[in-house]
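Asker:
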Amino acid sequence: MARNVGRQCVRERDAVRTAISGLEVRRAASLGEALSILRDDQRTPIAGATDLYVALNFGTLEPRRFLDIWAVNELRDISMNGKTLVLGALATYTSLIRSPLVERHLPMLVEASRQVGGPQIQNRGTLGGNVANASPAGDSLPVLAAVDAVVVLRSADTERRIPLTKFYTGYRATVMRPNELIVAIEIPPVEGRQWFRKVGTRAAQAISKIVVAGVRAAVPRIAFGSVAPTVVRVPETERSLASGATIDEAARVLSREIVPIDDIRSTAEYRMRVATNLLRRFWIETG
Amino acid sequence: MPAVGTSVARKDGIGKATGSALYADDITFPGMIHGRTIRSTIPRGRVKSIRFDFDTDGFTIVDWHDIVGRNSVDLIEKDQPFLVESEVRHMAEPILLLAHEDRERLNAAHVEIEYEEETPLFDPEQSTVVFKKIDIMKGNPAGALASADLVVEGTYRTGHQEHVYIEPNGVIAVPEDVDGKKGVAIFGSVQCPFYVIKALRCLFGAHPPIRVIQTETGGGFGGKEEYPSMIAGHAAMLALKSGRPVKIIYDRAEDMIATTKRHPAIVRHRTGVTRDGHIVAMDIDVLMDGGAYVTLSPVVLSRGCIHAAGPYRCDNVNIRGRTVFTNTPPNGAFRGFGAPQTEFAVEVQMERIAEALGIDSVEVRRINALRPGDTTATGQKLREDTSALMVLDEAVRRTDFLRKREGYRGTNRALGLSLFYHGAGFTGSGELSLKSKARLDLTPTGVRIATGSTEIGQGTRTTHAQIVSDSLGIPYEDVEVAQPDTARVADSGPTVASRTCMVVGKILEECAHEMKERLNGLSPAEYHTRHGAFSVERMYAPPDWIKWDDATYRGDAYATYGWGCDVAEIEVDPDTFEVRPLKLTAVQEFGRPIHPALAQGQIEGGTAQGLGYALLERVVMRNGAMANAQLTNYTIPTTLDMPELDVVMLENPYPGGPFGAKGLGELPMDGPAPAVVNALRWLGFDVREIPATPELIAGCTATA
Amino acid sequence: MKFVLNGASTDVMAHPMSRLLDVLREECGLTGTKEGCGEGECGACTVLVNGEPVCSCLIPVAQVESADVVTIEGLGDDHPLQHLFMNEIGAQCGICTPGMIMAAIALGPSPTLDDVKIALAGNLCRCTGYSAIYRAVLKWREMSDVNVSASATR
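First to last, the protein sequences are chains A, B and C. First residue of the first sequence? That's 874 in my numbering, and the numbers climb one at a time after it. First residue of the second sequence? That's -18 in my numbering, and the numbers climb one at a time after it. First residue of the third sequence? That's 65 in my numbering, and the numbers climb one at a time after it.
#1: Can you name the residues that DSSP bridges to Lys564(B)?
#2: Contact between the segment 525 to 532 of chain B and the segment 425 to 443 of chain B is defined here as three or more beta-carbon pairs at a separation below 8 Å; is this criterion met?
#3: Going by alpha carbons, who is nearest to Ser223(B) out of Ala358(B), Gly12(B) and Ser67(B)?
#4: Under 8 Å, with one C-beta from each stretch per pair, do the segment 974 to 983 of chain A and the segment 92 to 110 of chain C reach the 3-pair mark?
#5: Would you say Val180(C) reaches chain B, if we count a Cβ-Cβ gap shorter than 9 Å as a contact?
#6: Any beta carbon from chain B within less than 9 Å of Thr176(C)'s own beta carbon?
#7: Between the Cα of Ala326(B) and those of Gly680(B), Leu664(B), Ala358(B) and Ala656(B), spot the shortest distance and give me the residue it belongs to.
#8: In the segment 952 to 979 of chain A, which residue ranges form an unbroken alpha helix (DSSP H) of at least 4 residues, counting only runs that do not cross its ends?
#9: Rounded to whole angstroms, what's the CA-CA distance from Thr255(B) to Asp296(B)? Just pull it up for me.
#10: Would you mind sorting Glu197(B) into buried or exposed? The rule is 16 or more other CB atoms within 10 Å of its CB.
#11: Please check if any C-beta of chain B sits within less than 9 Å of the C-beta of Ala985(A).
#12: With a floor of 4 residues, list each alpha helix (DSSP H) that falls wholly inside the segment 119 to 177 of chain B, ordered by position along the chain.
#13: With a threshold of 8 Å on Cβ separation, who are the neighbours of Ser(-12)(B) within its own chain once the five nearest residues in sequence on each side are excluded?
#14: Can you tell me which residues form a DSSP beta bridge with Ile1058(A)?
#15: Under 9 Å, Cβ to Cβ, is there at least one residue of chain A near Val28(B)?
#16: Tell me whether Thr541(B) is buried or exposed, calling it buried when 16 or more other Cβ atoms sit within 10 Å of its Cβ.
#17: Any idea what DSSP makes of Glu412(B), helix, strand or coil?
#18: In this structure, how does DSSP classify Arg876(A) when only helix, strand and coil are distinguished?
#19: Taking only runs of the beta strand (DSSP E) that begin and end inside the segment 573 to 653 of chain B, which ones reach a length of at least 3 residues, in chain order?
#20: Quick one: what does DSSP say Ala80(B) is sitting in, helix, strand or coil?
#21: Candidates Ala1148(A), Arg1094(A) and Ile951(A): which alpha carbon is nearest Ser968(A)'s?
#22: What do you get for Lys416(B), buried or exposed, if any count of 16 or more other CB atoms within 10 angstroms of its CB means buried?
#23: As an exercise, report each continuous alpha helix (DSSP H) stretch of at least 4 residues that is fully enclosed by the segment 94 to 132 of chain C, in chain order.
#24: Using a beta-carbon distance below 9 Å, is Ile671(B) in contact with chain A?
#25: In whole angstroms, what separates the C-alpha of Glu157(B) from that of Gly433(B)?
#26: Looking only at its own chain, which residues have a Cβ that is under 6 Å from the Cβ of Thr1140(A), when we skip the five neighbours before and after it?
#27: Rounded to whole angstroms, how far is the Cβ of Thr1047(A) from the Cβ of Gly921(A), which I believe are closer than 8 Å?
#28: Taking C-beta to C-beta, are Arg1033(A) and Val1020(A) nearer than 9 Å?
#29: Answer yes if the segment 1108 to 1123 of chain A comes into contact with the segment 1148 to 1157 of chain A, meaning at least three C-beta pairs across the two stretches below 8 Å, and no otherwise.
#30: Could you tell me whether the Cβ of Ala685(B) comes closer than 9 Å to any Cβ of chain A?
#31: If we cut at 9 Å on Cβ distances, does Val658(B) have a partner in chain A?
#32: Quick one: is Gln915(A) buried, meaning 16 or more other Cβ sit within 10 Å of its Cβ, or exposed?
#33: Restricting to Cα atoms, I'd like to know which of Ile1157(A), Leu904(A), Lys1039(A) and Arg899(A) is closest to Gln1067(A).
#34: If you compare alpha carbons, which of Ile348(B), Leu661(B) and His91(B) is closest to Pro562(B)?
#35: Is Ile430(B) closer than 9 Å to Ala463(B) when the C-beta atoms are compared?
#36: For the segment 112 to 124 of chain C, which residues have a beta carbon sitting closer than 7 Å to at least one beta carbon of chain A?
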């Protein structure tokens, strides 16, 4: 669902379903196997397929060679490592919703997960997939950005830890290398009240028009989705609030800090207005 | 026990719930191949050249040169081609047809088409090509406007709406030998099998024998009224050329981009009122965007105009309507058929009239609501089955409207109300000229209904069987319903216009009475054993009092009307302008409900479509094509978008209907949008357009 | 490729990237699972994989290897929920019905109306406005909850 995979606005009718016979897939049973396949061979990882198969059905799927990692069960764990919450890349939205650990440490991710697609999509869509898909409208991404989550990337040879806020380099572009997999998302301890709000195109199964996630602390941390080419933190706004600016002043800072656009779902004007309204509401409700 | 009036088991059986019911895509034939439509990618211009960038070996390819009869989809006019010859008038217009047994090869086939592009026309207000004009005149509206105490003006806009039947369009054309002649059988998801016959006779001339068999149909709502004729023509051409069965199933995007939508409309009102709240003059201008071909636009405009004054009495009325050409895919039939557009406009106008007068809007409606003996804009004198006040009073009472609305003052919640009506059956003399027929066949175990009326979810099989059962005095279980197959059933007219239960049901009632007389006290089985089978076929005779003049638009527009009053209770998020409907009370009067649970389903489902129309469903057009042609981005209500529904069914029988029934299918579509928008007015949002998206509402706050 | 389909071990010859939906409909001949959108939005293609409702239009068949797949046909033709969908007019045109039933069947005991709405939020119906579907599902759960407690007290 959160799925903005290569959707053309006006699809030429030549774009019919991608031919399955032209696709090639290898299946990995373990992380080690997956990484060794990726070391030798450039393939697009496929997990819950909720974005990828939409592209396939719409004929906009570009890759032809895949690595199926759905069976790599070691990537499904949700656990604590000291004070860090570690979310396996293949944790589905359903497993995030049901996890007592996530409920305790990152309740706003539970809230965000409940608002992804319908139950069928929540049963298949994975957190790692949402991160890798790199949509500016990805529902979980503002939550991860607001808590300074770290993306754990692994290749056959190395492991890298990249803060989510540095993970995206532009519209649908990331720092990931072709031989790497996202194996986990690490959530450092979160101090302060968490707040999440998705404004979608309808009450369920909605693509977001704007998403806000915030943590109210001495220095508040606030992230937005769907207001820029990538998910964004708003450091200027955070600083102004931390330094005691009024909420009206902070809202003015915010309006200079984000650059929403018009698309088929909403308008730049609406997004800007609602972003500032939600900043106010965040501030009031967590105050 | 009588079947009519009780919620008997549906005639559909359990198949829909077990997955065994067969829809078009579930059916295969030996040797079947798959068809695909190559469409224009420009909104206006000419085809210069066509090049096949694939190995055509094994493909069946059809273009307009293959057409032996006439290249036009025979509807009201014959202006729309099955396949473009040279001139392209809209995006996604069919140009070529391909068929192949391997779907992957079929999908991979690339056809390069070069065009000479021309500047497209998208704005209906700029269009000078008028498909149809209507002018309804009653009394002296100019004079009455001039002498009114107050004149209220307003312009209202409604957008496209997509049907979103969950089963996309699809047909299979199967070559068949009929008495040594090469014919074709069409199996498909269609509302009107005999419309397809008419269109294919025009396409092929008199030669091939053609029959149309309706498969289980996954929703219609008007969207499978006229467009399936196009698809059937395409599949039939491929089948006749290849000599093999050809299946064409649209995927969702193709269905949304290429097929019809509800007509967008701009409606302008000038209403003259007295200080004490009486409407003395209505001047209404209706403009509908017809799209690139005439299709059904003239009759959509007609119904829209006839309903444009709302369920209100007024001696001086002028309604001018026109539907015009634009370079967009043709708009067509959609539940309500023009009335949801114009009734939205008049109901928001009524709210604004009340505001201008300082009189409560419920009171203004009560003062002006049509009563028996009043005349409508076309001069129709209404009969006893007129229920505007009945539904209004019940809705106000049931929702405790005035007190509750007052209690919400100063909160982000509000109530809004709409009063509406919907004419049942074809307009004016339409039912007379349709000459609909229905037939009852005696079988060894009972009777069989043989009509072309289709079951598209609304319960045709069931309500017809109930009517026949009680009229014939035999158990409901002894009535079977034939699958519509144009070679075997009577042409009962199209399954549209809220006419299937009321009009076709009436013919069946008369068939049953005649059959009962012939049975002369015997049961069908007894009679069959002694004398063998027989059939009774009858033609519809509209009430003899109906007088209609199509030239002047004067007279009895409809034999009867259904009446409704919707109350919407909503909540608006002050930060995001999202509207959450909390409850919708739908009080509707439609004569005798033949099957109360099915009737309730019609009201609940129509109300859901109306709420989508009001709030969510926005067709984004870019360069003449739907830019959000996916269910992800064209959003119909989900479970979580729907409020609690409170349905109240009132009865005021129509003597000309079977057991007093009126038409119902379309009525529920007319009310939700104005009720919701009128609730928004109470929250200070001066909305005059639907869908009332959060973006639109946010922009309406300045004038509050 | 092997998996368990409606309780029986099944072996299909299909490209591993084939959509589960197509394998079910075309290879296995089970056309009760419908395609309405191809984007996981309408839910008409809902089946259970290892007990959880999923959209079969978005699943490569390779991913159900050795899994337990249940389609509408797996419920047989006499399931109380199937009868309730027809009797309560939870099915009108019927095209969403198999998917709707497969989503509802996964509901836990004693659901509230809100539970039902959430469980069915991934299934679109254009005919009913959903109310009749809620009536069917809630009646079914009431019936089966009564049966469960009756057998528990025995």
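Note that beta-carbon positions come from the ideal geometry of N, C-alpha and C, so glycine has one too.
Answerer: So, to answer that:
#1: Sequence index remark: in the second sequence, residue 564(B) carries index 583 (1-based). According to DSSP, which records beta bridges pairwise, Lys564(B) is partnered with Glu550(B) and Glu625(B).
#2: no
#3: Taking the second sequence and counting its residues from 1, one reaches residue 223(B) at position 242. For Ser223(B), the nearest C-alpha among the options comes from Gly12(B).
#4: no
#5: For the purposes of this step, residue 180(C) is taken as the residue at position 116 of the third sequence. So yes, Val180(C) belongs to the interface.
#6: Taking the first residue of the third sequence as 1, we reach residue 176(C) at position 112. No, no contact with chain B.
#7: Stepping through the second sequence from its first residue, residue 326(B) is reached at position 345. Ala326(B) has its Cα closest to that of Ala656(B), out of Gly680(B), Leu664(B), Ala358(B) and Ala656(B).
#8: 966 to 971 and 973 to 978
#9: Taking the first residue of the second sequence as position 1, residue 255(B) is located at position 274. Taking the first residue of the second sequence as position 1, residue 296(B) is located at position 315. Taking the straight line joining both Cα atoms gives about 13 Å.
#10: In the second sequence, counting from the first residue as 1, residue 197(B) sits at position 216. Label assigned to Glu197(B): buried.
#11: Taking the first residue of the first sequence as position 1, residue 985(A) is located at position 112. Chain B contact via Cβ: absent.
#12: 122 to 128
#13: The sequence position of residue -12(B) within the second sequence is 7, counting from 1. His576, Pro577, Ala578 and Leu579.
#14: Locating residue 1058(A) in the first sequence gives position 185, where the first residue counts as 1. Beta-bridge pairing links Ile1058(A) to Leu960(A) and Val1024(A).
#15: Position 47 of the second sequence holds residue 28(B). Val28(B) does not count as touching chain A.
#16: Position 560 of the second sequence, counting from 1, holds the residue named residue 541(B). Label assigned to Thr541(B): buried.
#17: Within the second sequence, residue 412(B) is the residue found at index 431, counting from 1. Looking at Glu412(B) - three-state DSSP - the assignment turns out to be helix.
#18: The residue you call residue 876(A) lines up with position 3 of the first sequence. Caution applies to Arg876(A), whose pLDDT of 39 falls short of 50 and renders its modelled position unreliable; the model cannot decide the point.
#19: 625 to 631
#20: Residue numbering aside, residue 80(B) sits at position 99 when the second sequence is read from its first letter. If DSSP states are grouped into helix, strand and coil, Ala80(B) belongs with the strands.
#21: By one-based count along the first sequence, residue 968(A) stands at place 95. It is Ile951(A) whose Cα lies nearest to the Cα of Ser968(A).
#22: By one-based count along the second sequence, residue 416(B) stands at place 435. Label assigned to Lys416(B): exposed.
#23: none
#24: On the second sequence, position 690 is the one that residue 671(B) refers to. No - not a single Cβ of chain A is within 9 Å of the one on Ile671(B).
#25: Counting from 1 along the second sequence, the entry for residue 157(B) is found at position 176. Counting from 1 along the second sequence, the entry for residue 433(B) is found at position 452. Going from the Cα of Glu157(B) to the Cα of Gly433(B) covers about 21 Å.
#26: Along the first sequence, one-based indexing puts residue 1140(A) at 267. Result list for Thr1140(A): empty, nothing under 6 Å.
#27: Residue numbering aside, residue 1047(A) sits at position 174 when the first sequence is read from its first letter. Residue numbering aside, residue 921(A) sits at position 48 when the first sequence is read from its first letter. Between Gly921(A) and Thr1047(A) the Cβ distance is about 18 Å, and since that is not below 8 Å, they are no contact.
#28: Taking the first residue of the first sequence as position 1, residue 1033(A) is located at position 160. Taking the first residue of the first sequence as position 1, residue 1020(A) is located at position 147. No, the Cβ-Cβ distance between Arg1033(A) and Val1020(A) is not below 9 Å.
#29: yes
#30: On the second sequence, position 704 is the one that residue 685(B) refers to. Low confidence applies to Ala685(B): its pLDDT is 38, below 50, so where it sits in the model is not reliable enough to give any reading.
#31: For this step, residue 658(B) is matched to residue 677 along the second sequence. No, no contact with chain A.
#32: Within the first sequence, residue 915(A) is the residue found at index 42, counting from 1. Exposed, by the Cβ-count rule.
#33: Within the first sequence, numbered from 1, the residue matching residue 1067(A) stands at position 194. Of the listed residues, the one whose Cα sits closest to Gln1067(A) is Ile1157(A).
#34: Here residue 562(B) is taken as the residue at index 581 of the second sequence, counted from 1. Measuring from the Cα of Pro562(B), the nearest candidate turns out to be Leu661(B).
#35: For the purposes of this step, residue 463(B) is taken as the residue at position 482 of the second sequence. For the purposes of this step, residue 430(B) is taken as the residue at position 449 of the second sequence. In this structure, Ile430(B) lies closer than 9 Å to Ala463(B) by Cβ.
#36: Glu116, Pro117, Val118, Cys119, Cys121, Leu122, Ile123 and Pro124
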